[in-house]
Structures are given as structure tokens and as C-alpha cells.
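All remarks here apply to the structure that follows.
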Amino acid sequence: MQIKFKELKLNNFKSHQDLQVNFGEVTKITGDNAKGKSSVLEAISWLLYGIDTLGSKTDPAPVTYEADETMVSLLLDVDGKDLLLGRELKKGKTKYLINEVPSKATEFNEILDQLFDKNMFLSLFNPNYFFTMHWEKQREMILDYVTAPANKEVLKELPEAQSNKLAELVKKQSLADLEKIHCDKKNKLDKQYIAAQSRTKTLKEQFEDQAPKVPQESLQAELSQLTKQRNEIEKVTDEALTTNSEFNNIQSQINSLNDQIEMSKNRWPSIRDEKIERTCRTCKQPLDEKSVAAVEEDKEKRVATYKAEHSDIVNKRNALKKDLEELEYIDVAEELEKSRALQDKINPIEAELNKYKQLEAFQEQIEQAEQTEKQTRDDLNESIFILDSIKDFYAKEAELQAKKVQSLFDNLSIKLFKKQKNGDDKPTFEIQMDGKDYSKLSLSESIRAGLELREVLSDQSDIVAPVFVDNAESITKFKEPSGQLIMAKVIAGEELKIEEDK
Ligand SMILES: Nc1ncnc2c1ncn2[C@@H]1O[C@H](COP(=O)(O)OP(=O)(O)O)[C@@H](O)[C@H]1O
Ligand SMILES: [Mg+2]
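Sequential numbering of the sequence shown, starting at 1, is according to the UniProt record's numbering.
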């Protein structure tokens, strides 16, 4: 963008009752002190924005003579198109003119805003103006026009691990979002990690408390020793019990046979003493020989049967008695006592070994807790690594941007960041020339500083605008600026003179 001044008219502006300035590529305004040179610069600031050269509201109505109205008009050429702007002040009221058409303040301001940014224009036009702004505004303006280093450029400067990690992450999310996400994650994981650590610790302590004091192997060795002893005794007692139960069995069989023999004996007299009837029970007639013989034969038969049965039982009993004589009842009370004592020792050992089995499940819980702890720690470290990488990225970006900005200047040094105690970069904006802050510079030094700065702004923004160098007599030489140059120089004893070089 190219902004040119063509013609300026002042009526009743401060000490100027009627002044016309025709601008050339270079316009020289000369004259003694108080001849109205600086007022020309002020007239342009006032016309455009109603402010003085330092940015404050100002009232330029003349105080040394009577005048109805103050009027300033400027014919500009913006990219080859003429624009005539006018501002009038009458009895404290301001009027605006766009191409001689009375307009509202809002229309006037709008047209200006559309043409150029106020701070940019004033910084280009007046070399002092930039330094009157707040440092944040100054910084913002420089950074607005100096493109930030590309992510790729910054990543290249980071250690490989960080660079690879961020390169992969920024494919999906912005660094600012990643920072928020991992900040939040880190806070959560910090807490989760503490909780996970204490869970493992508690479980381990509980395990220690519950774990048997004797090692599993020695318990098992002791157990097998004792079971062996017990089994040996049990073999003996088991055998004894078999024999004894057989003995008891035979004894009870003998007892029952004895009872039977007794009963059989009791039956004998009635069989032996049975009378043979010789008459019929019903007709009372004597029985014949044949019948008597039959009855006698029948009795003999029953006697014989009884005898056979009786001796059978007796024989059976005698045989069992003989068997019993061959068996011996074994007394194993002592062995049983021993075996019981051994079992009493075995029981607590088995209980201890059982604990080991239960502890296996416990052990699994501990392993799981350790796993969770490790996973949480890994996740936490990942978030910390990403946050650190982002921090380093910003630091590197700041460093590169500062370098980039600095490379635009020849004599000025620009500080964009200040290192904080924690190592973070904090935005700042300090301009120095030859190691001195702007506020410490002499008039000539501050003009040179201002000119260098507006040149950089003009270059970076691609806006070519006029520059007004007031008090130009104080600097012996300076680099020719971009845009029209308006110079005001004091020359003792001379009236106000305005010359333009075409
Ligand atoms: N509102 C005003 N009315 C009349 N004269 C003024 C007003 N404001 C400033 N002046 C005077 O205008 C004169 C010109 O000032 P200035 O433009 O600063 O001169 P220069 O820059 O040439 O030294 C000075 O004498 C100043 O006192
Ligand atoms: Mg002056």
C-alpha cells in the first residue's frame, strides 16, 4: 500500500491562520523557533484522529487571535486514488468532510480504519509515536507483522525425542489444546499415582503380616516327615483293628450258638419223656400193633432229628472256639494315642500351608496393583514429557522469533522475552540502542531509533507512508526512509519556509 500526501490546508490551526503545504517526495519546513513547524505535524494527527503527536486529545483552536472556526484538510493519494479529508472545529463542535461531503464522525472514522490501522499509520508517519504506546501494543505490532517461525522450523531445533513426539501429536491437535489436555491429565495422574503407590504399599504390608513365618519348603518337609510316621502307625493299627473285629465277630457268633445250645438242651426232656399212647384219642379203642409200632417209629425219628440238630450246633460252636483260639486280640491303644498326637502336630502345619495357598491369590492382587502403579507412572511420565516438550517448543519458538525480529534491525536491539526464575519465558518488550533504553536516548538518538523502527514496520507491512522528521537539524545524517519525507528544521532568524522537491 502506498500512501502519499498531496496538499494540506490549515485555517486558524494554532498559530496558523492560513497555510497551504504542497508535498513533494521531500518537503522541507524551515524557520526559527516558534514559527509553526511542529504545528504542521500536529495538524495532520489532529485532522485524522483528533489527537496530538503523542496521542492525546487536543484542542488546536487559536488562543492568540479571534477566529470562528479551525479547519484542516488533507488531500491524500492512496494507491493512486485521491481522498480529501477535512476536519472543522466550530464553537467546540467538530465537523467531518469526506471529499468535501459533510459526514458523520462514524463515517469518517470508518473510512480511515478501512484504509489503514491507526497505530500503524501513526508509527510510520511520526517516528516518536510507536514509543508512546503501551509495551504490549508495541510488541503485538512487531509480532503481527513478523511471521512466526513455522512449527517445522521450531521442531527441527528440538531434541529428536521431543521433536518426534510433538510432530506426531500436532497432526491431530494444536499445541495449545495438547497443553490443556496434558495439564489436566497430569493433575489427575499425579493423584492416581499417589493412590496406586499407597495401594501397593498397603497390600504388601498386609501380605507381610499374613505370610507364615516359616518358609513353605520347611513346612512341607516337616509335614511329609510327620505324615510318614502317622501312616506307618496307622498301618499297624488298621491291621490290628481288622484282626480285632474278626475276633469280636467270632466271639459274638459263639455267644449266640451257646444261647442256641442252651435252648436245645431245655427242649430235650420233653422229647425224651414223651409217652406212646396205646388207645385212639377219639374212639378210646385200643390201637392195634401196627399202629403202635408206627407211633413208636415216629418218636424215634424225632429223637434222632433232635440229636442230629443239637450236635450240629455244638460242633459249630466248637469249631468257632477252635478258630478263636488261633486269633489273638491286639491292644493298639498306645499306637492310636501316638497317631492322634502326630495328627495334632500335622493339623497346624497344614493350616500354615493352606495360608500359602490363600496368599497366592493375594500375591496376584499385589502384582496387579504393581502393574497399575507402573502404568500410571508411565502415563504420568508421558504427560510430563509432552508438557516439557511443549514448554521447550515455546521457548525455542520464542528464541527463533526473537532472532528473526532482531535480524531485521541494524542498530536497535529488541527483547521480546524475559526469562523467569522458573525458566519460563515471559513476554516483554524492550528496545535499546547501543545498550541504552529508548527513554535514555538523546533527541537525535531517539529520532534515529524511531526512523529505524518505522522502516522495519514499513518493510514488514508493505505500507509506504510519509514520515515527518521534526527537529531534523539535530541529526547530521540518516538513511533515506521509504515514503515521502517531511523534514522540519530550525534555522535561526528565518521566517517559516516550505519547499518541496518533486
Ligand atoms: N492554540 C494556539 N493558539 C495560538 N498559538 C499557539 C497555540 N498553540 C501553540 N501556539 C504557538 O504556536 C507557535 C508555533 O509553535 P510550533 O509549531 O511548536 O513552532 P516550531 O515547531 O516552529 O518551534 C508557538 O509560538 C506556540 O506557542
Ligand atoms: Mg517544533
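Idealized CB from N, CA, C, for every residue including glycine.
Which same chain residues, not among the five before or five after residue i, have their C-beta less than 7 Å away from its C-beta?
i, result
"A492", "D32"
"K404", "V146, P149"
"D379", "L189"
"E335", "I233, V236, T237"
"P127", "I447, G450, L451, R454, V467, V469"
"D79", "M1, Q2"
"C183", "L387"
"K299", "E274, I276"
"E494", "T30, G31, D32"
To which residues of the same chain is residue i closer than 6 Å at the C-beta, ignoring the five residues directly before and after it?
i, result
"L122", "Y129"
"C283", "none"
"L83", "L76"
"E296", "I276"
"Y306", "I271"
"residue 503", "Since the first residue of the chain shown is 1 and the last is 502, residue 503 is not available in this structure."
"L172", "This sequence places Lys at residue 172; Leu is not what is there. For K172, where only same-chain residues beyond five positions count, there are no Cβ hits under 6 Å."
"S474", "L443, S444"
"T408", "Just to set this straight, residue 408 is Leu in the shown sequence, not Thr. Counting only Cβ-Cβ distances below 6 Å, and skipping sequence neighbours, we find V456."
Looking only at its own chain, which residues have a Cβ that is under 8 Å from the Cβ of residue i, when we skip the five neighbours before and after it?
i, result
"K204", "I366"
"residue 505", "Only positions 1 to 502 of the chain appear in this structure, which leaves residue 505 out of reach."
"F478", "I447, R448, L451, V469"
"L412", "I431, Q432, M433, A449, E452, L453"
"E350", "L223"
"K502", "G24, E25"
"V154", "F393, K396, E397, L400"
"K185", "D379, S383"
"L441", "M433, A449"
"V490", "T30, G31, D32, N33, K37, N471, E473"
"N109", "none"
So residue i is in the alpha helix (DSSP H); what residue range does that whole segment cover?
i, result
"R340", "333-406"
"T227", "216-272"
"residue 509", "What is shown of the chain runs 1 to 502, which leaves residue 509 out entirely."
"M71", "Taken as a continuous stretch (DSSP letters only), M71 belongs to no alpha helix (DSSP H), being part of the beta strand (DSSP E) at 69-78."
"V146", "Per DSSP, V146 belongs to no alpha helix (DSSP H) and is neither H nor E."
"residue 503", "This structure leaves residue 503 out entirely; the chain is present only between 1 and 502."
"F207", "175-210"
"N119", "118-125"
Where does the unbroken beta strand (DSSP E) through residue i begin, and where does it stop?
i, result
"L320", "It is not in any beta strand (DSSP E) - L320 instead sits in the alpha helix (DSSP H) that spans 289-326."
"I431", "425-433"
"S103", "101-103"
"I330", "Note, I330: premise wrong, no beta strand (DSSP E); not H, not E."
"N22", "16-22"
"residue 525", "With the chain covering 1 to 502 only, the question about residue 525 has no answer from this structure."
"Y96", "93-98"
"G31", "26-31"
"K419", "412-419"
"E7", "3-13"
Given the structure, does residue i come close to ligand 3, in the sense that its CB is under 8 Å from one of the ligand's heavy atoms?
i, result
"G92", "As presented, the structure is devoid of ligand 3, carrying ligand 1 and ligand 2 as its sole ligands."
Would you verify that the beta carbon of residue i is, or is not, closer than 9 Å to some beta carbon of chain B?
i, result
"T428", "Of the protein chains in the structure, only one exists, and it is not chain B."
Inset, instruction - Report all residues for which the CB-ligand distance to some heavy atom of ligand 2 is below 6 Å; order them along the chain. - result: Here the residues come out as K37, S38, D470.
Inset, instruction - Decide yes or no for the touch test of the region 473-487 against the region 12-31: beta carbon pairs closer than 8 Å, at least 3 of them. - result: In short, these stretches touch, since the Cβ pair count reaches three.
Legend entry - In chain order, each beta strand (DSSP E) run of at least 3 residues that lies wholly inside the region 450-499: Here the runs fully enclosed are 467-469, 485-490.
Inset, instruction - Pair every Cβ in the region 209-221 with every Cβ in the region 417-436, then say whether three or more of these pairs are closer than 8 Å. - result: With a cut-off of 8 Å, the region 417-436 and the region 209-221 do not count as touching, because too few Cβ pairs lie within range.
Legend entry - Touching by the beta-carbon criterion (3+ pairs, under 8 Å), the region 162-181 and the region 386-405: Verdict: yes, contact present.
Inset, instruction - Please confirm if the region 259-267 is in contact with the region 313-331, defined as three or more CB-CB distances below 8 Å between the two stretches. - result: A contact exists between the region 259-267 and the region 313-331.
Inset, instruction - Specify whether the region 226-233 and the region 338-354 touch according to this definition: at least 3 beta carbon pairs, one from each stretch, less than 8 Å apart. - result: Touching, per the Cβ criterion.
Inset, instruction - For the region 404-417 and the region 427-436, state whether three or more C-beta atom pairs, one from each stretch, are separated by less than 8 Å. - result: Enough Cβ pairs lie closer than 8 Å, so yes.
Inset, instruction - Count the CB pairs spanning the region 323-330 and the region 238-247 that are closer than 8 Å, and state whether there are at least three. - result: Contact check between the region 323-330 and the region 238-247: three or more CB pairs, one atom from each, fall below 8 Å, which counts as touching.
Inset, instruction - Specify whether the region 392-408 and the region 150-162 touch according to this definition: at least 3 beta carbon pairs, one from each stretch, less than 8 Å apart. - result: Three or more Cβ pairs drawn from the region 392-408 and the region 150-162 lie within less than 8 Å of each other, which places the two stretches in contact.
Inset, instruction - Examine the Cβ distances between the region 84-95 and the region 67-76 and report whether three or more of them are shorter than 8 Å. - result: Counting Cβ pairs under 8 Å, three or more are found: they touch.
Legend entry - contact_flag[the region 193-200, the region 368-377] where n(CB pairs < 8 Å) is 3 or more: The region 193-200, when compared against the region 368-377, does touch it at the 8 Å Cβ threshold.
Legend entry - the region 4-20 touching the region 96-108, judged by at least three CB pairs closer than 8 Å: By the C-beta criterion, the region 4-20 is judged not to be in contact with the region 96-108, since fewer than 3 inter-stretch pairs fall below 8 Å.
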